[in-house]
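S.K.:
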Amino acid sequence: MAGQCIVGLYTNHGPIATQCYDDLIAEDGSGPLKLTWQDIGTKKNIRQWCADRDSVGEIVVHWESLPSSNQGGIQSCIFSIAPVPWSQSEISTETYRKIIQWNLSESRPGTRAVSAYGEGPQPLERTGSLKDILPLFLMVGPIRSYPPVSDLVKASHFGYYWFGDDTLERVASLGPFLSGMFQKMSDLFHDPPSETNGYRIFVRCATPAQAHGGAAGERNFLLEYNDALPTMSPEGVMYLLSHEMVHNWPILDSNPFGTDLNDLVAWFNEGTADFYGSALPYRFGLANKTSYLNQMNAILTAYYTNPLRDISDKEAHERKFETSNAMDIPYKRGFAFFCCLDREIRRTVQGTSLDNLIVEISQRKMRGEPHGLPIFLDLIKDVAPDMVQVFHDMQSGKLIVPPSDSLGSDFELVAEPQEVFDLGFTEGSITSRIITGLSDDHRARDAGIMEGDEILKNTFLWQCRGSLDQQMRMKLKRDDKELEVTYWPRSYKKVQSWQFREKLVV
Ligand SMILES: [Zn+2]
């Protein structure tokens, strides 16, 4: 059909622009097929290419993409580089054969090529919908991995990949921990790994510093770090990856573009990742008690010292790209809610726990059955009916404080005032790389930061958010001179917060 949509590409991913091509070259059974593009959608953020005549047979589309290289290799994501089959302003819902194949004939000896489907260069194929194709990472170059050789990766269905010898030891050494977590999480969620059901983590060294730590896709994850990483504890990296791994399983179904209650499910998806990502390393014997408590308390600090802790989920959703304080809210209040729910289920039904509900949602997702919010609320109603009201309170912004014995009888929750998280200037400065909106009465100004300073480097915000020990280190440029500033990104004001500790035996 003339005017038929052939392929489309989102022009941005949050604040990041993708590779928006001007022209694509296409041909079909009749020869060259002219494609014309148009940016559509209310935000004009979908580039859609349509044909000027009826297509005949198989359509082949070519393009050249130039992702930036790092450490001698290339990493990218299908979302950023590949126009994919499209129909009438959205990604096609048909079933496809999806094949990834590499031509390494002109690459240096030793070049490896990996995607979430596995290691090439030979073709690796999946059949199904396109929903897993956009968040699929690709990596090619002098790849190192755990397990170290591709045959072992194949056998374990788990791979952890990075480039070069200069990757930090604390990053490169995480393979055995992550592999162990993957095997044990697969058991917990009753989802045995297989050749077509593996999991792969890709590491990317990136500069300049940004606030992002990574991005999750279907059965793969990209960890992005930069030279601010040495300020992060090895355990911080470990828990970040553990959180991301949980995302393979419990997900509430929703319309990602919807804004009603049933669609705002970040509290569940991120809350379960924070809850299980923090609890499972300890439960599986891969982290000690101190590490476990520190991690749980970091999440509570991030929640209770967030200046936006009382906003509703709807407002958090609307403001999530304006400020990471809003984006972080569902994660942390979801975590607090799951602490409450787990304790309530264990109290009301002997021998059960939150695991039963979360595994049920994961199983429903795997079987392709309904697994949205109404289903989850029904499950809660059956085992812990009082928690339905707590859920509604949470969504409207009411502060959630877990019962003191939420982590079991060995631990207790105690009240502890803590300083509010506050950079001392507008958060947009981190993205624009220019300090604006400097507060009058704040440690940032007291440390010598001035309006208009250019930011060359900074500590990740998410490292500061959950830690009262973390200083903000910035390398700034002012009048062609570079200067380094370190200050505590906390306001002079305290709020009520809560922390877990080991129960004191008297
Ligand atoms: Zn997450």
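For the sequence shown, counting from 1, position 360 maps to 360 in the UniProt record's numbering; every step adds exactly one.
By construction, the Cβ of each residue, glycine as well, lies at the ideal position given by its N, Cα and C atoms.
#1: Quick one: Cα of ASP52 to Cα of ILE59, how far?
#2: Rounded to a whole number of angstroms, what is the C-alpha to C-alpha distance between PHE268 and HIS247?
#3: Could you spell out the range, first to last residue, of the alpha helix (DSSP H) harbouring ARG347?
#4: Note down, in chain order, each residue of its chain lying with its Cβ closer than 7 Å to the Cβ of PHE177, except the 5 sequence neighbours on either side.
#5: Given this structure, state the Cα-to-Cα distance separating ASP469 from ILE329, to the nearest angstrom.
#6: Would you call the stretch 181-190 and the stretch 276-290 in contact, with 3 or more CB pairs under 8 Å?
#7: Should GLY448 go down as buried or exposed, given a rule of 16 or more other Cβ atoms within 10 Å for buried?
#8: GLU224: beta carbon under 7 Å from a heavy atom of ligand 1?
#9: Could you tell me the boundaries of the beta strand (DSSP E) in which GLY8 lies?
#10: Less than 8 Å separating the beta-carbons of LEU373 and ASN262?
#11: With H, G and I counted as helix, E and B as strand and the rest as coil, what does DSSP make of TRP267?
#12: Going by other Cβ atoms of all chains shown within 10 Å of its Cβ, with 16 needed for buried, is ALA17 buried or exposed?
#13: In chain order, what residues of the same chain have a beta carbon less than 6 Å from the beta carbon of PHE275, not counting five sequence neighbours either side?
#14: Out of GLY72, ARG347, ASP39, GLU94, which has the shortest C-alpha to C-alpha gap to CYS205?
#15: Identify the residues that DSSP records as bridge partners of GLU502: which are they?
#16: Within 10 angstroms of its Cβ, does GLU119 collect 16 or more other Cβ (buried), or is it exposed?
#17: Near HIS442, what residues of its chain come up, given a Cβ to Cβ distance below 6 Å and the 5 sequence neighbours on each side ignored?
#18: Compute every distance between the C-beta of GLU451 and the non-hydrogen atoms of ligand 1, then say whether any falls below 7 Å.
#19: Would you call the CB atoms of ILE133 and PHE163 closer than 8 Å?
#20: Should ASN458 be labelled buried (16 or more other beta-carbon atoms within 10 Å of its own) or exposed?
#21: Determine the burial state of GLU451: buried for a count of at least 16 other Cβ atoms within 10 Å of its Cβ, exposed for fewer.
#22: Can you check whether the CB of SER432 is closer than 8 Å to the CB of ASP342?
#23: Please report the residue range of the alpha helix (DSSP H) in which residue 515 lies.
#24: For the alpha helix (DSSP H) containing GLU318, list its first residue and its last residue.
#25: Report, in whole angstroms, the separation of the C-beta atoms of GLU412 and ARG501, which I expect to be a contact under 8 Å.
#26: Mind checking whether ARG490 and GLU416 have CB atoms under 8 Å apart?
#27: Please return the same chain residues whose Cβ sits closer than 8 Å to the Cβ of GLY128, not counting the five positions on each side in sequence.
#28: Closer than 7 Å: is that where the CB of HIS190 sits relative to any heavy atom of ligand 1?
#29: Could you please give me the residues that DSSP links to LYS131 through a beta bridge?
#30: Pop quiz: GLU484 and LYS493 are said to be a contact at Cβ under 8 Å. What is the actual Cβ separation, rounded to whole angstroms?
#31: Suppose the cutoff is 7 Å on Cβ atoms and the five residues either side in sequence are ignored; what does the same chain contact list for ARG170 look like?
#32: When you measure from the CB of ALA273 to every non-hydrogen atom of ligand 1, does any distance come out below 7 Å?
#33: According to the Cβ coordinates, are LEU461 and SER324 closer than 8 Å?
#34: Return the Cβ separation of GLN391 and LEU379 in integer angstroms, given the expectation that the two are a contact with Cβ distance under 8 Å.
#35: Quick one: is the Cβ of GLU218 within less than 7 Å of any heavy atom of ligand 1?
#36: My parser needs the alpha helix (DSSP H) runs of 4 or more residues fully inside the stretch 273-298; what are they?
M.R.: With the given structure in hand:
#1: 13 Å
#2: 11 Å
#3: 324-348
#4: MET238, LEU286
#5: 21 Å
#6: yes
#7: exposed
#8: no
#9: 5-10
#10: yes
#11: helix
#12: exposed
#13: PHE335, PHE338
#14: GLY72
#15: PHE411
#16: buried
#17: GLY424
#18: no
#19: no
#20: buried
#21: exposed
#22: no
#23: Nothing about residue 515 can be reported from this structure: the residues present for the chain run from 1 to 506 only.
#24: 313-318
#25: 6 Å
#26: no
#27: THR95, TYR96, LYS98
#28: no
#29: LYS131 is not bridged to any residue.
#30: Actually they are not in contact, since the Cβ atoms of GLU484 and LYS493 sit about 27 Å apart, beyond 8 Å.
#31: PRO234, VAL237
#32: yes
#33: yes
#34: Strictly speaking, residue 391 in this sequence is Phe, with Gln absent from that position. That pair is no contact at about 12 Å.
#35: no
#36: none
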